[in-house]
Amino acid sequence: MTSAVAEARGLTKVHGRGESRVPAVDAVDLEVPEGQTLAVMGPSGCGKSTLLHLLGGLERPTKGEVWLAGRRVDTLSERALARLRRRSVGFVFQAFHLVEELSAAENVELPVLLAGHSRREARRRARLLLDRFGLTARARHLPSELSGGQRQRVAVARALANEPRLVLADEPTGNLDSAATLDVLRVFEDLRAAGQTLVIVTHDERVAATADRLISMRDGMFVDDTRLTGAATGWLGGLAGLEG
Amino acid sequence: MGRAVLVFRLVLADVRRHRAQAAMLLLAVTAATATVALGLSLGGASEALYEQTRAATAGPDIVAYAPELGTPVAPALEELTRAPGVSGHNGPFRIVFATLTSRGLASLVVVHGAPEKPGAVDRPLVTSGHWVRPGGAVLERGFATALGARVGDRVTVSGRTYPVVGIAVTAATSVFPWAPGIGPYGGPSDGGGLVWLTHSDAKALASRDLPLAMGVGLKLSDPATARAFIDAHRDSTVMVNFHPAQFIAQQDSVMLRDSQPILVIGGWLLSFLAVAGVAALAAGRAAEQTRRAGLLKAVGATPGLIAAVLLTEYLGLALLADALGLTVARLAEPAVASPTASRVGSVVGPTVGVVVAATALAVAVAVFSALRPTLLALRTATVDALTVTAHRPRRRPLLTALSALLPTPLLLGLRLTARRPGRAVLHGCSTAATLIAVDALLTFRVQPRWGYAQHRGGWGAGLSGLPNLRDDQSGRLLLSVTVLAIALALVNTVTMTWSTAMETRATMAVARTLGTTPGQITAGLSVAQVLPALPGAAVGVILGIGVYVTVGDARTLPISSMAGAAIATVLATAALTAVPARVAARRPVTQALSAETT
Numbered sequence: 000m001t002s003a004v005a006e007a008r009g010l011t012k013v014h015g016r017g018e019s020r021v022p023a024v025d026a027v028d029l030e031v032p033e034g035q036t037l038a039v040m041g042p043s044g045c046g047k048s049t050l051l052h053l054l055g056g057l058e059r060p061t062k063g064e065v066w067l068a069g070r071r072v073d074t075l076s077e078r079a080l081a082r083l084r085r086r087s088v089g090f091v092f093q094a095f096h097l098v099e100e101l102s103a104a105e106n107v108e109l110p111v112l113l114a115g116h117s118r119r120e121a122r123r124r125a126r127l128l129l130d131r132f133g134l135t136a137r138a139r140h141l142p143s144e145l146s147g148g149q150r151q152r153v154a155v156a157r158a159l160a161n162e163p164r165l166v167l168a169d170e171p172t173g174n175l176d177s178a179a180t181l182d183v184l185r186v187f188e189d190l191r192a193a194g195q196t197l198v199i200v201t202h203d204e205r206v207a208a209t210a211d212r213l214i215s216m217r218d219g220m221f222v223d224d225t226r227l228t229g230a231a232t233g234w235l236g237g238l239a240g241l242e243g
Numbered sequence: 000m001g002r003a004v005l006v007f008r009l010v011l012a013d014v015r016r017h018r019a020q021a022a023m024l025l026l027a028v029t030a031a032t033a034t035v036a037l038g039l040s041l042g043g044a045s046e047a048l049y050e051q052t053r054a055a056t057a058g059p060d061i062v063a064y065a066p067e068l069g070t071p072v073a074p075a076l077e078e079l080t081r082a083p084g085v086s087g088h089n090g091p092f093r094i095v096f097a098t099l100t101s102r103g104l105a106s107l108v109v110v111h112g113a114p115e116k117p118g119a120v121d122r123p124l125v126t127s128g129h130w131v132r133p134g135g136a137v138l139e140r141g142f143a144t145a146l147g148a149r150v151g152d153r154v155t156v157s158g159r160t161y162p163v164v165g166i167a168v169t170a171a172t173s174v175f176p177w178a179p180g181i182g183p184y185g186g187p188s189d190g191g192g193l194v195w196l197t198h199s200d201a202k203a204l205a206s207r208d209l210p211l212a213m214g215v216g217l218k219l220s221d222p223a224t225a226r227a228f229i230d231a232h233r234d235s236t237v238m239v240n241f242h243p244a245q246f247i248a249q250q251d252s253v254m255l256r257d258s259q260p261i262l263v264i265g266g267w268l269l270s271f272l273a274v275a276g277v278a279a280l281a282a283g284r285a286a287e288q289t290r291r292a293g294l295l296k297a298v299g300a301t302p303g304l305i306a307a308v309l310l311t312e313y314l315g316l317a318l319l320a321d322a323l324g325l326t327v328a329r330l331a332e333p334a335v336a337s338p339t340a341s342r343v344g345s346v347v348g349p350t351v352g353v354v355v356a357a358t359a360l361a362v363a364v365a366v367f368s369a370l371r372p373t374l375l376a377l378r379t380a381t382v383d384a385l386t387v388t389a390h391r392p393r394r395r396p397l398l399t400a401l402s403a404l405l406p407t408p409l410l411l412g413l414r415l416t417a418r419r420p421g422r423a424v425l426h427g428c429s430t431a432a433t434l435i436a437v438d439a440l441l442t443f444r445v446q447p448r449w450g451y452a453q454h455r456g457g458w459g460a461g462l463s464g465l466p467n468l469r470d471d472q473s474g475r476l477l478l479s480v481t482v483l484a485i486a487l488a489l490v491n492t493v494t495m496t497w498s499t500a501m502e503t504r505a506t507m508a509v510a511r512t513l514g515t516t517p518g519q520i521t522a523g524l525s526v527a528q529v530l531p532a533l534p535g536a537a538v539g540v541i542l543g544i545g546v547y548v549t550v551g552d553a554r555t556l557p558i559s560s561m562a563g564a565a566i567a568t569v570l571a572t573a574a575l576t577a578v579p580a581r582v583a584a585r586r587p588v589t590q591a592l593s594a595e596t597t
């Protein structure tokens, strides 16, 4: 196998049966090398979220193979998939999906505790991550007491809590206003700069502009695959308003 | 009218969409109202049956018994028949204390010598065969039923064999097994059956050196003076036991003395279980009901109409269940109110008071269960109601910190429990209520038993005594209540697990994305139900002991069995919750996440 963090071969996902059969992802091949930030764009319903779910093992493909960190995952049991996700994958969602009754710090601690680490270790990691994303002062606040951008930054911190090799973000700025979007974009830029492998599904060109590579999807297929050498610090970054 | 039709159509549509939930509400409330109605209906049932039997058999106002202890007692009883205020009499008749055997069964009996043509007072009602004739025996119906004897069978009374020529009922004695009234030689009675023989056959039997007594039935011109008559005719030279009709009726009611508390207390336990189950259902549907209220508000419905729509469903189903419960109680009452077959007539069925009490109970179950979600739906602003998702739990920092020290299933379980403390309390109480019933049954089963109508020295090889009808009835009723309680508790546990799973599906889906396995989610959901069941089981054992000691007068407590039942309940809860929890844990993660949009 290659050294790619994530890889898909002939990946197909079909929803429905018979006449209502809809191919959400149609025989795509993909390789995401270590440290790459990949943005996936396309119109609603083109299959980009499904692709993300397939890569993260949240859905099983109808056909094809998914490899994560050199291990084929589409044949794994749910239990083994869960363990793999625990160690290797972090998810960021458009709707944040923070646990409402837990504080920001407790939300970040949660995956660490679920991975079987001690509470002390969970606290340590949460403190570091919240500090990294400028949320130390908000650590004890509930999600309902945070702004949208702050919530999404907590969600990103939570996704990173177990130091995963791959972070999958599904429309991470879809629920945010412009200011909050910029907050989150800075976080992704920070991750990219730190060499974190990222796959971001987005409608937002400003988010895509922060990536190293941009794939466009339509009707479940890749219609374009572009390397963005400038990324966030180049002209696209300027467009996104990240400079200065 | 249009408004009522609209409410009806909306309610009907919702019931159709939630058939299983409607069925559960019906089952729970029917069981509760049937049991309570049956229990309350038993008050006065045996007296009513006695009065009907008395009317049908020209029952005496007073029966006087005098044991033959060497001095002739017939003159004293004959004198009573001539006393002022006596308008009619039966006897004096001979009473022989004997034993009866038939087809391997044996019983103490009293044989009453009877005229071949009954007089105006105490005319036993022959329900099968015909009245006594020389050489033939008539068995009292309650006794014959316990014995399994029919007309044409042969019975042996203290060594003499007689064909059974008839089966009859009388109001002159209490129901089987309390027919003797007094024991041999005037001592206490161990109970027994009643057999009528002709005077000459009874006299022949009396020659076999058996304990004897004489009896007389008296009809008073003014039955209300029975107590004064008895006080005026006590004789210090002859031992006479007077049994007024009220005493006989009271003795009849002893048969139901345990049945009524079992049914009434059992009914309240079942009612509580019904409230717990239906409240869990209603709370599980709160978000959906709030959205529904928002939709109705958006199209111009008034709060009154919305409240009517939301409450009518529960109230309508509860009232339907009430009607079903009252019908079940009416159908079961004859068998429960008259376990001996010693009486004729019919029970009147639930009185107005009983119907009102059962209906109030059903309405209370519906209101207690549905009022809070309804008020929540009414108070929520229209726009918020339209976008409402699951109930937002309260933050519990101490518990969050504590659970962080635990393994994943316990961490999840404890946090899930804390999200819905009210439901956890309900589940704990539901477990306690079930164990109260189970413990009562276990305690009942280990109490020392003595049969009625049994020979103190035993019957010898090949013969067995008759069952203890009172204990048998109590055992059957306790078993029925316990089975119903267990059934409701099972349904409640599954409902609560499923409601918890559905409410927390988004959170659990997030946990899955964070690497929690389906097995850990399943275990967490089970733990969330088992945690409240643990204190519930402990409290149930303690309350079970308390209730039985207070109401049931227990002499022996099966502590080890009770502890075993408590452990079994907790294990059963874990096993039972595993199925819905596993189903919920295996639901696609992406579906749950995309459904949650906040």
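Top to bottom, those sequences are chains A and B. Residues in the first sequence are numbered from 0 upward in steps of one, following numbering that gives the first Met the number 0. Residues in the second sequence are numbered from 0 upward in steps of one, following numbering that gives the first Met the number 0. For each residue, glycine too, the CB sits at the ideal point set by N, CA and C.
| Asked | Found |
| --- | --- |
| I'd like to check one pair, B/A275 with B/N491: are the Cβ atoms closer than 8 Å? | yes |
| State the beta-bridge partners of B/K296 as determined by DSSP. | In the DSSP output, where bridge partners are listed per residue, B/K296 has none listed. |
| State the DSSP-derived secondary structure class of B/F175, mapped to helix, strand or coil. | coil |
| Please state whether DSSP places B/H111 in a helix, a strand or coil. | strand |
| Please report the distance separating the alpha-carbon of A/V222 from that of A/M40. | 10 Å |
| Name the chain A residues whose beta carbon is nearer than 8 Å to that of B/G421? | Near B/G421 there are no residues of chain A at all, since even the closest Cβ is about 15 Å away, more than 8 Å. |
| Name the one or two DSSP bridge partners that A/A71 has. | In the sequence on display, residue 71 of chain A carries Arg and not Ala. According to DSSP, A/R71 bridges with A/W66. |
| For B/L76, count neighbouring C-beta atoms within 10 Å of its own C-beta (all shown protein chains included) and say buried if the count is 16 or more, exposed if not. | buried |
| For chain B, find out if any of its Cβ atoms is closer than 8 Å to the Cβ of A/V72; answer yes or no. | no |
| Is the Cβ of B/T596 closer than 8 Å to any Cβ of chain A? | Legend: pLDDT at B/T596 = 43, less than 50; position of this residue unreliable, value from coordinates given subsequently. For B/T596, the answer is yes, since a Cβ of chain A falls inside 8 Å of its Cβ. |
| 8 Å is my cut-off, CB to CB: does B/G42 come that close to chain A? | no |
| Just tell me which of A/A26, A/A38, A/E30, A/A7 has its CA closest to the CA of A/V206. | A/A38 |
| Nearest-angstrom Cα distance between B/A340 and B/V28? | 31 Å |
| Whole beta strand (DSSP E) runs in the segment 18–103 of chain B with 3 or more residues, listed along the chain? | 61–66, 85–101 |
| With DSSP collapsed to three states, give me the class of A/L248. | Because chain A is modelled from 0 through 243, residue 248 of chain A falls outside the range shown and cannot be assessed. |
| So what's B/L542 in DSSP terms, helix, strand or just coil? | helix |
| Check this for me: beta carbons of A/L184 and A/L190, under 8 Å apart or not? | no |
| Residues bridged to A/H116 by DSSP? | DSSP, once it has assigned bridges, lists no residue as partnering A/H116. |
| Enumerate, from N- to C-terminal direction, the unbroken alpha helix (DSSP H) stretches of 4 or more residues contained entirely within the segment 299–381 of chain B. | 302–336, 351–378 |
| Output yes or no for whether 8 Å exceeds the beta carbon distance between A/V72 and B/T506. | no |
| For A/L112, decide whether its Cβ has a neighbour in chain B, counting only Cβ atoms nearer than 8 Å. | yes |
| Tell me the DSSP secondary structure of A/V222 in three-state form. | strand |
| Strictly under 8 Å for the Cβ-Cβ distance: is A/E144 near chain B by that measure? | no |
| Answer yes or no: does any C-beta atom of chain A fall closer than 8 Å to that of B/T375? | According to the sequence provided, residue 375 of chain B is Leu. The question's Thr does not apply to it. Chain A, which has no Cβ nearer than 8 Å to the Cβ of B/L375, makes this no. |
| Assign A/A239 to one of two classes, buried (16 or more other C-beta atoms within 10 Å of its C-beta) or exposed (fewer than that). | Confidence at A/A239 is low in this model, with a pLDDT of 48, below 50, so the placement of that residue is unreliable and no value is reported for it. |
| Strictly below 8 Å CB to CB, what residues from chain A border B/P392? | E99, E100 |
| How about A/A5 and A/L54: are their beta carbons less than 8 Å apart? | yes |
| Between A/A81 and chain B, is any beta-carbon pair separated by less than 8 Å? | yes |
| Check whether the Cβ atoms of B/V526 and B/P579 lie closer than 8 Å to each other. | no |
| Do B/V62 and B/G191 have their C-beta atoms within less than 8 Å of each other? | no |
| Can you tell me which of the three DSSP states B/V154 falls into? | strand |
| Mind checking the segment 265–299 of chain B against chain A and listing, in chain order, the residues whose C-beta falls within less than 9 Å of any C-beta there? | none |
| Using the Cα positions of B/I264 and B/A167, report the straight-line distance between them to the nearest angstrom. | 36 Å |
| Helix, strand or coil: how does DSSP classify A/R157 here? | helix |
| Just the Cα atoms here: how many angstroms apart are A/L101 and A/A114? | 18 Å |
| Between which two residues does the beta strand (DSSP E) carrying A/E33 extend? | It is not in any beta strand (DSSP E) - A/E33 carries neither H nor E in the DSSP assignment. |
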